[in-house]
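Undergrad: Mind having a look at this structure? Questions to follow.
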Amino acid sequence: MKLVAVSQRVDVHVDRNERRDALDQRLDTFLLVAGFLPVPVPNSFCMGPSEGAPIPGSFNAWLETICPQALVLSGGNDIGTCRERDLTEGWLLDYAKESDLPVLGICRGMQMMGVWADASLRSVTGHVRARHQLDGEISREVNSYHNLALAECPPGFEVIARSKDYAIEAIHHRKLPWEGWMWHPEREETFHSMDIQRIRALFCA
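Numbering of the sequence shown is given in this note's numbering, commencing with residue -4 and proceeding in unit increments.
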């Protein structure tokens, strides 16, 4: 089974004065069902004395110890609201590009891939706690839990699905084994066979 590094959301608990990393157990289950071993990525690499720089040696030491074979950027947290997560995911994408690792971005994860590639975001309506039909290479009904979408296709990517209101719902890199989905495969009551097949193909399983 391939080992997959999975980024985590940041939950702020004011009453305990804590910032906690968190991961939906259903996402772990989705990856396990697809045949992968998930390993959560901590968001604390950037908590050192230098603003915006990892604690010396920490990020590279983690990567050398874990040796992930693929990367999933999970959903949750709007970009810009949790600096430690934004930085960690940016470094993960840098590493994935250098190492030619496959990457799947889910919801915010797809947005992060786009922003990393110099795309911008825009607000959308009717995409929170909804279901809608996709058109394109991927054509089916999916869930939706986001109020932001990519404003344009990121450089180097191609759009492979849009919603009926023309919002970008899925992208694929033209050269790298990277793909982004705006829906949450882990939130389906029964995991969709197309999502299982697609991530297996992307991660060469």
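The beta carbon of each residue, even a glycine, is placed where N, CA and C say it ideally should be.
Where Val137 and Leu129 are concerned, what is the direct C-alpha to C-alpha distance, given to the nearest angstrom?
TA: Here residue 137 is taken as the residue at index 142 of the sequence shown, counted from 1. Here residue 129 is taken as the residue at index 134 of the sequence shown, counted from 1. Straight-line Cα distance between these residues: approximately 7 angstroms.
Undergrad: Whose C-alpha, out of Leu66, His168, Trp173 and Gly100, is nearest the C-alpha of Val(-1)?
TA: Against the sequence shown, residue -1 aligns to sequence position 4. The shortest C-alpha separation from Val(-1) is found at Leu66.
Undergrad: Check for me: the beta strand (DSSP E) holding Gln128 runs from which residue to which?
TA: Within the sequence shown, the letter at position 133 stands for residue 128. Per DSSP, Gln128 belongs to the beta strand (DSSP E) from Val123 to Gly131.
Undergrad: Excluding the 5 residues preceding and the 5 following Asn72 in the sequence, name in chain order all residues of the same chain whose CB lies nearer than 8 angstroms to its CB.
TA: Against the sequence shown, residue 72 aligns to sequence position 77. The answer, listed in chain order, is Arg4, Val5, Arg80 and Arg103.
Undergrad: Since Gly131 and Ala156 should fall inside the 8 angstroms C-beta cutoff, what is the C-beta to C-beta distance between them, to a whole number of angstroms?
TA: Numbered from its first residue, the sequence shown carries residue 131 at position 136. Numbered from its first residue, the sequence shown carries residue 156 at position 161. Right, the Cβ-Cβ distance comes to about 4 angstroms (below 8 angstroms), so this counts as a contact.
Undergrad: Exposed or buried, what is Glu236 when buried is set at 16 or more other beta-carbons lying within 10 Å of its beta-carbon?
TA: Coverage of the chain is limited to positions -4 through 200, which leaves residue 236 absent and any answer about it impossible.
Undergrad: Measuring CB to CB, does Asn142 end up less than 9 angstroms from Val123?
TA: Your numbering for residue 142 matches position 147 in the sequence shown. Your numbering for residue 123 matches position 128 in the sequence shown. Against a cut-off of 9 angstroms, the Cβ pair of Val123 and Asn142 comes out as a contact.
Undergrad: State the start and end residues of the unbroken beta strand (DSSP E) segment that holds Asp16.
TA: If you number the sequence shown from 1, residue 16 lands on position 21. Element bounds for Asp16: Glu13 to Ala17.
Undergrad: Nearest to Ile133 by alpha carbon, out of Glu84, Val28 and Gly175?
TA: As a working note, residue 133 is residue 138 in the sequence shown. It is Gly175.
Undergrad: Tell me His202's beta-bridge partners as DSSP assigns them.
TA: Nothing in the structure corresponds to residue 202, since the chain is present only between -4 and 200.
Undergrad: Relative to the C-alpha of Leu99, which candidate in Pro51, Met(-4) and Asp190 has its C-alpha closest?
TA: Here residue 99 refers to the residue found at position 104 of the sequence shown. For the residues Pro51, Met(-4) and Asp190, the minimum Cα distance to Leu99 belongs to Asp190.
Undergrad: With H, G and I counted as helix, E and B as strand and the rest as coil, what does DSSP make of Leu82?
TA: Numbered from its first residue, the sequence shown carries residue 82 at position 87. Note: Leu82 maps to helix in three-state DSSP.
Undergrad: According to DSSP, which residues form a beta bridge with Pro49?
TA: Numbered from its first residue, the sequence shown carries residue 49 at position 54. BP columns for Pro49 are empty, so no partner.
Undergrad: Cutting at 8 angstroms between CB atoms, please list the residues of its own chain near Leu32, excluding the five before and the five after it.
TA: Counting from one through the sequence shown, the residue named residue 32 turns up at place 37. Cβ neighbours of Leu32 beyond the five flanking positions: Met(-4), Lys(-3), Leu(-2), Val(-1) and Leu26.
Undergrad: Rounding to the nearest angstrom, what Cα-Cα distance links Ala91 and Pro149 in this structure?
TA: If you number the sequence shown from 1, residue 91 lands on position 96. If you number the sequence shown from 1, residue 149 lands on position 154. Rounded to whole angstroms, Ala91 to Pro149 spans 17 angstroms at the Cα level.
Undergrad: Are the beta-carbon atoms belonging to Asp23 and Pro37 less than 9 angstroms from one another?
TA: Taking the first residue of the sequence shown as position 1, residue 23 is located at position 28. Taking the first residue of the sequence shown as position 1, residue 37 is located at position 42. Contact: no.
Undergrad: To the nearest angstrom, how far is it from the Cα of Thr60 to the Cα of Phe54?
TA: On the sequence shown, position 65 is the one that residue 60 refers to. On the sequence shown, position 59 is the one that residue 54 refers to. Thr60 and Phe54: Cα-Cα distance of roughly 10 angstroms.
Undergrad: Grab the span of the alpha helix (DSSP H) containing Ile191 for me, first residue to last.
TA: Along the sequence shown, one-based indexing puts residue 191 at 196. Unbroken alpha helix (DSSP H) run through Ile191: Ser188 to Leu197.
Undergrad: Give the secondary structure of Tyr161 by DSSP, where H, G and I count as helix, E and B as strand, and everything else as coil.
TA: As a first step, residue 161 is located in the sequence shown; it is residue number 166 there, counting from the start. Coil, per DSSP.
Undergrad: Please identify the residue among Ser69, Pro51, Glu184 and Leu96 whose C-alpha is closest to the C-alpha of Met107.
TA: Along the sequence shown, read from residue 1 onward, the residue named residue 107 stands at position 112. Among Ser69, Pro51, Glu184 and Leu96, the Cα nearest to that of Met107 is on Ser69.
Undergrad: Suppose contacts are defined by Cβ-Cβ distances below 9 angstroms. Is Gly75 in contact with Trp111 by that definition?
TA: Taking the sequence shown and counting its residues from 1, the one referred to as residue 75 is at position 80. Taking the sequence shown and counting its residues from 1, the one referred to as residue 111 is at position 116. No, the Cβ-Cβ distance between Gly75 and Trp111 is not below 9 angstroms.
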